[in-house]
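Sequence positions in the sequence shown follow the UniProt record's numbering and run 1 to 497. Data first, discussion second: the structure below is written as structure tokens.
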Amino acid sequence: MVLGARKAPSRKGSFADMPTDLKSQIDKLEEMFLIPTTKLKEISDQFVAELERGLSQEGGTIPMIPTWCMAFPDGYETGAYLALDMGGTNLRVCEVTLTEEKGEFEIIQSKYRMPEELKTGTAEELWGYVADCLQQFIEYHHENEKLENLPLGFTFSYPVTQDAIDHGVLQRWTKGFDIQGVEGEDVVPQFQKALEERNLPIKLVALVNDTTGTMIASAYTDTDMKVGCIFGTGCNAAYMEECGSIPKLEHLKLDPKLPMAINCEWGAFDNEHKVLPRTTYDVIIDKESPRPGQQSFEKMVAGLYLGEIFRLVLLDLHKGHECTMFEGQDVNKLDKPYSLDAGFLAAIEEDRFENLTDTGDLFQNKLGIVCKKPELELIRRLAELIGTRAARLTACGVSAICRHKKWEKVHVGADGSVFTKYPHFKIRQAQALKEILDWPSKYGKGRGDPIEVLPAEDGSGVGAALIAALTVKRVKQGQLAGIRDCDALLKMVPKEK
Ligand code: BGC
């Protein structure tokens, strides 16, 4: 194999020897996926309005869920807490020990695979599996110890309505989950029952969204952190509001100055299709998903969908009559829904070679398709367009929270596979923020911008543990709003190290 030269930073001009049919397809794709500054601003404006509607008494499309996480950590929280994170691929159990030194902690953890069939199984199977993993963790790390009342922060990253921090009614599954018997139910008693059946000495203290965990974990070490975001399989954000600015909580007569973390669930933004520039491919993704009509924004930006959008476009080009994409090739493997993930797109964008050798190999090895050079150029451009659109759209959400709060200078903690692994995501997002917020050019790209999106601390481990610690502390101080099982928490004296 002859390797091409190292790729130049700009690929302009690569389309010079492109057949006109493919070139005109690229033009059409650019038309569909490029989002100019004016449109970004329009989306951001609508986003601000939607966030505010979500907080109002009437409510709106974006759920804007008060989470009853009502404080930032001061860095001096102590004690040992369990943290459980039920993600799409893995289930992680941690024991986090918050130590005496400011902002310091120790962590031990085990990962378990989430079997694919669980995602479409029954509630009993799900909770049974989760409890079995917790049991294994405890037996392994605390063999022969007499334990009682271990406080647990459970990161459950789906939209749940929370009347209290130890309560959460699942509004709907997202991220392709479709488990019977959980939607419309409080997940806490279902989970706690599975623990009791196994005599596990664990008490759920806080049900936590991954975005809230991310915000709190980051704020533990950086007091400028006011927002937590996940750009991963799903996409969402949380931020700290004041109770007095949440009209839908007015009836509770909470101290208006008290902070309240809001889990935005912004994946639901524009479910009414007022402003997002949806393509025919976004429409298909939605229609074929287990919950059509839901999570419109998420379906355009989250890792679960990026590979699928890409696959649908390529298949459409192959099947259409307007161009000769993959002519005469067997596209059987490409025909399988969700066969390409965001990692596949990332690998294309990371191709080291000007002549896209890595991409060619990838198509041949994974899909059995041999690509011609102009096809590789189209593939590369398509990956860039989908990845860039996602990054730019997420900036609309980040800017909207900051504009709603009138924060001109703030840190945003972010986590998730797209944020940490997808090439150029951060820089594209920072560029879009700059365009939306009209920052003068002196701020430059990325670091040093007034609003910086920075890699976060481990939200589903440290964040969940901290939120559990803050909840136990709150009960002990007699602040009982938004905590159901105060008696159990009062008895809880987390083990000090
Ligand atoms: C869920 C959110 C979660 C996000 C990121 C979305 O699908 O609805 O609760 O924060 O994914 O994991």
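In this text, a Cβ means the ideal position worked out from N, Cα and C, and glycines have one as well. Every value quoted in this text rests on a predicted model; they were computed, and no experiment measured them.
{"Asked": "Taking the beta carbon of Val-96 as the centre, do at least 16 other beta carbons fall within 10 Å, making it buried, or is it exposed?", "Found": "buried"}
{"Asked": "First and last residue of the beta strand (DSSP E) that includes Gly-228?", "Found": "225-231"}
{"Asked": "Which value, in whole angstroms, describes the spacing of the CA atoms of Val-475 and Asp-286?", "Found": "43 Å"}
{"Asked": "Check whether the Cβ of Asp-415 lies closer than 6 Å to any heavy atom of the ligand BGC, and answer yes or no.", "Found": "no"}
{"Asked": "Thinking C-beta only, is Ala-465 closer than 7 Å to Gly-234?", "Found": "no"}
{"Asked": "Apart from the five residues just before and just after Gly-416, which ones in its own chain have a Cβ nearer than 6 Å to its Cβ?", "Found": "Ile-230, Phe-231, Gly-232"}
{"Asked": "Are Glu-298 and Gly-343 close, meaning C-beta to C-beta below 7 Å?", "Found": "no"}
{"Asked": "Three-state secondary structure (DSSP) at Tyr-239?", "Found": "strand"}
{"Asked": "Which of helix, strand or coil does DSSP assign to Asp-316?", "Found": "helix"}
{"Asked": "In whole angstroms, what is the alpha-carbon distance linking Ser-218 and Val-301?", "Found": "23 Å"}
{"Asked": "Mapping the DSSP letters down to three states, classify Gln-431 as helix, strand or coil.", "Found": "helix"}
{"Asked": "When the distance is taken between beta carbons, is Asn-263 closer than 7 Å to Ile-65?", "Found": "yes"}
{"Asked": "Rounded to whole angstroms, what's the CA-CA distance from Glu-435 to Thr-37? Just pull it up for me.", "Found": "6 Å"}
{"Asked": "For Lys-226, count neighbouring Cβ atoms within 10 angstroms of its own Cβ and tell me buried if that reaches 16, exposed if not.", "Found": "buried"}
{"Asked": "Given a threshold of 16 other Cβ atoms within 10 Å of its Cβ, counted over all protein chains shown, does Thr-20 qualify as buried or as exposed?", "Found": "exposed"}
{"Asked": "Check whether the Cβ of Thr-211 sits closer than 6 Å to any heavy atom of the ligand BGC, and report yes or no.", "Found": "yes"}
{"Asked": "Which ranges does the alpha helix (DSSP H) cover as unbroken runs of at least 4 residues, wholly within the stretch 107-175, from first to last along the chain?", "Found": "123-141"}
{"Asked": "What's the call for Glu-116, buried or exposed, on a 16-neighbour Cβ count within 10 Å?", "Found": "exposed"}
{"Asked": "So does Tyr-158 have its beta carbon nearer than 6 Å to some heavy atom of the ligand BGC?", "Found": "yes"}
{"Asked": "For residue 510, does the three-state DSSP call read helix, strand or coil?", "Found": "Look at the range of the chain in this structure, 1 to 497, and you will see that residue 510 is not part of it."}
{"Asked": "Could you check what DSSP says for Arg-352 in three-state terms: helix, strand or coil?", "Found": "coil"}
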